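Number of protein chains: 2
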Amino acid sequence: MLKKERQAYILHQVNLHNKVLSSSLCTDINVSEDTIRRDLQELSDEGKVIKVHGGALSHSFNQVHFSSNGVYSQNQKKIIAQKAVGLISNGMFVLTSGGTTIIEMARSLPPQLRATFISGSIPAILEYMYHPNIEVILIGDRISKNSKITVGSEAIAKIKQVKADICFLGTNAIDVEHGITDNDWEVVQLKRAMIESSKMVVCLSIAEKVNSVQPIRVCGIDEIDMLITELPADDSMLKPYRDAGVKVA
Amino acid sequence: MLKKERQAYILHQVNLHNKVLSSSLCTDINVSEDTIRRDLQELSDEGKVIKVHGGALSHSFNQVHFSSNGVYSQNQKKIIAQKAVGLISNGMFVLTSGGTTIIEMARSLPPQLRATFISGSIPAILEYMYHPNIEVILIGDRISKNSKITVGSEAIAKIKQVKADICFLGTNAIDVEHGITDNDWEVVQLKRAMIESSKMVVCLSIAEKVNSVQPIRVCGIDEIDMLITELPADDSMLKPYRDAGVKVA
DNA sequence: CGAACTTCTGCGTTTTTGTGCAGGAATTTC
DNA sequence: GAAATTCCTGCACAAAAACGCAGAAGTTCG
């Protein structure tokens, strides 16, 4: 078994069960504990997992992580949210992924807006629920605990049944060459389905994540209609995207 | 169980109930009191909880004492929750409705329990999500904002696809003659589907709601396998139900 | 082709960490 | 004020991590 392959397996296990024991891993893939430990060390250095005595945990465990960068990029995300809500008008069917940027958008929805929001993200749904005038459709299936979103074939099938006017994707990584990429296999499947089910695809991303790449590909740049960051539309950092035919706001 | 995992559990419990007893924690997660005490010490050093003699308190508990009414019925619901979780064992498929009693049950689930929980209630799902070992299946469809639960034909169709070992119904009204009744048409449809999809139906109800009736009928007494209230099982108020063949706990 | 080099992996050994236990001190409670 | 908890300290044992080393496998480069 190759190193990368092994690490992918470990990552998958962590994302699935929220925790993993080094002892069980080393019997699983039949390598020494040292190897596992080194793998966990690397994954931890890359910020993929949280290493603890005896194994590793998924990020969903330490909520400290959330609050720390939460305040920091909050302002940037508010700017993005403002730009994003401008695209929504009455009567629209809106498909959204999860992620903190999407949450921020949900909070910025004008109260008189009448639209239908469809999502499998629990935190997003919570926000939509408090809105007086929007209709909320929840995509059901198994819940992935660390991404707090429903994943699985049922969820994908349901998404494929809709044809939304617009789709907002919270983005982990976007790059001109590699397009949108992510690190959770199941979430990627979901995002792909959402893109296919929408007339227009809008990608929300803080500048920090622009020009970064993650292991798993969601879609190419050509499938994105619009990219929203906290930067002004004519920022030089975004020029490659404009050149590639993506609207930038 | 890993140290961080344990501390996350403790923290969750503290934030949930605003207090926690070291004695109950150590039976919960099956470690010595010393370990618990050391964990509380660490969490206290990090400022996550306030350590007191016999356990720990949440930070928010400091000055604002919550409304007495909330705590009052809260205690009754805790008793019900305790009785209810006793019915769940490893590997079970559990179907639950929404309601505050169900939430209380969700919060009382022992952390080592491994089971699959299926629900369309957003608040309930939120609780299940924090549990380290249970699998969560979310029933999707349109969200009813006042009951915070998914309703509609899709949701009902999905529920009919499962055959759960046990079904817990938070109850608005129960009566020997009229059975379970409720006041929301769509929620009633959902509950009916849940009853049909379960081998065993358990009805959770505080004594206050026993012998009351609401406009819409969910099911008759004969379809209920068990009734759980905060009263002792041999309370005279519950005699009619025992006579009707309902197990009472 | 093959020598020098890097990377990966497993094996001891040493260090650190986590946990439980026993006692005595401190506290709550009645 | 006495009994019962609960807390703290030191200690012992076990589990896991870190470290250095060495062999194997793969790469680079002349």
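Sequence lines, in order, name chains A and B. Here our numbering is used: the first residue of the first sequence is 685, the next is one more, and so on. Here our numbering is used: the first residue of the second sequence is 685, the next is one more, and so on. A virtual CB, placed ideally from N, CA and C, is assigned to each residue, including glycine. Bear in mind that the values here come from a model prediction, so they are computed numbers and not experimental data.
CA-to-CA distance, residue j to residue i, given in whole angstroms
i: Asn699/B; j: Gln758/B; result: 15 Å
i: Tyr925/B; j: Phe777/B; result: 26 Å
i: Phe750/B; j: Ala740/B; result: Caution is warranted here: a pLDDT of 43 is assigned to Phe750/B, below 50, making its placement in the model unreliable, and the coordinate value is therefore given only provisionally. Roughly 17 Å separates the two Cα atoms.
i: Ala891/A; j: Val885/A; result: 18 Å
i: Gly770/A; j: Ala799/A; result: 13 Å
i: Asp975/B; j: Asp909/B; result: Any property of residue 975/B remains undetermined from this structure, which presents chain B solely from 685 to 933.
i: Thr785/A; j: Ala765/A; result: 7 Å
i: Ala692/A; j: Trp869/A; result: 10 Å
i: Gln873/A; j: Ala848/A; result: 17 Å
i: Gly754/A; j: Ile787/A; result: In this prediction, Gly754/A has a pLDDT of 45, which is less than 50 and means its spatial position is unreliable; what the coordinates show is noted afterwards. Cα-Cα distance, rounded: 12 Å.
i: Leu822/B; j: Ala857/A; result: 28 Å
i: Leu709/A; j: Ser716/B; result: 27 Å
i: Ala841/A; j: Ser831/A; result: 19 Å
i: Val704/B; j: Lys829/A; result: 25 Å
i: Ser837/A; j: Met878/A; result: 13 Å
i: Asp927/A; j: Gln760/A; result: 24 Å
i: Asn817/B; j: His701/A; result: 8 Å
i: Val835/B; j: Ile843/B; result: 11 Å
i: Pro916/A; j: Glu907/A; result: 22 Å
i: Asp918/A; j: Ile772/B; result: 59 Å
i: Thr711/A; j: Gly738/A; result: 14 Å
i: Ser706/A; j: Tyr812/B; result: 26 Å
i: Asp718/A; j: Lys923/A; result: 46 Å
Among the options, the one whose alpha carbon lies nearest that of residue i
i: Glu861/B; options: Val930/B, Ile734/B, Ser773/B, Glu689/B; result: Val930/B
i: Pro794/B; options: Ala933/B, Ile694/B, Leu911/B; result: Ile694/B
i: Gly1008/B; options: Gln691/B, Asp866/B, Lys688/B, Lys883/B; result: For residue 1008/B there is no data in the structure shown, the boundaries of chain B being 685 and 933.
i: Lys762/A; options: Ser889/A, Ala917/A, Val902/A; result: Ser889/A
i: His743/B; options: Thr800/B, His696/B, Ala917/B; result: His696/B
i: Glu880/B; options: Ile713/B, Thr780/B, Gln898/B; result: Thr780/B
i: Ala933/B; options: Gln796/B, Leu911/B, Lys923/B; result: Leu911/B
i: Ile864/B; options: Ala839/B, Cys903/B, Ile843/B; result: Cys903/B
i: His815/A; options: Met789/A, Cys887/A, Lys688/A, Ala928/A; result: Met789/A
i: Thr913/B; options: Glu819/B, Lys767/B, Asn817/B; result: Lys767/B
i: Leu727/A; options: Asp906/A, Ala808/A, Pro899/A; result: Pro899/A
i: Ala808/A; options: Ile905/A, Ile772/A, Phe852/A; result: Phe852/A
i: Ile905/A; options: Gly738/A, Asp918/A, Ser706/A, Cys887/A; result: Cys887/A
Chain B contact for residue i (CB, 8 Å cutoff)
i: Lys832/A; result: yes
i: Phe777/A; result: no
i: Lys923/A; result: no
Whether residue i touches residue j by CB criterion (8 Å)
i: Ile833/B; j: Ser805/B; result: yes
i: Lys732/B; j: Gln725/B; result: no
i: Ile802/B; j: Val871/B; result: no
i: Met685/A; j: Ile720/A; result: no
i: Ala839/B; j: Gly854/B; result: no
i: Ile850/B; j: Lys875/B; result: no
i: Leu810/A; j: Asn774/A; result: no
i: Asp723/B; j: Arg690/B; result: yes
i: Glu819/B; j: Arg826/A; result: yes
i: Met921/A; j: Val897/A; result: no
i: Lys687/B; j: Phe745/A; result: no
Chain A within 8 Å of residue i, Cβ atoms only
i: Met878/B; result: no
i: Ala790/B; result: no
i: Met813/B; result: yes
i: Ile809/B; result: yes
i: Leu686/B; result: yes
i: Gln747/B; result: With a pLDDT of 47 at Gln747/B, under the threshold of 50, the modelled position of that residue is not reliable, and the figure given next carries that caveat. For Gln747/B, the answer is no, since every Cβ of chain A falls outside 8 Å of its Cβ.
i: Glu689/B; result: yes
i: Ile806/B; result: yes
Chain-ordered residues of the segment 840 to 874 of chain B with a beta carbon less than 8 Å from chain A
Lys842
Review point. Just by C-beta distance, which residues in the segment 817 to 832 of chain A are closer than 8 Å to chain B?
Key: Glu819, Val820, Ile821, Leu822, Ile823, Gly824, Asp825, Arg826, Ile827, Lys829, Lys832
Q | Proximal residues, the segment 712 to 744 of chain A versus chain B, C-beta separation under 8 Å | A | The residues in question are Ile734, Val736, His737, Gly738, Gly739, Leu741.
Q.
Under 9 Å, CB to CB, which of the residues in the segment 691 to 713 of chain B have a partner in chain A?
A. Within the segment 691 to 713 of chain B, the residues whose Cβ lies closer than 9 Å to some Cβ of chain A are Ala692, Leu695, listed in chain order.
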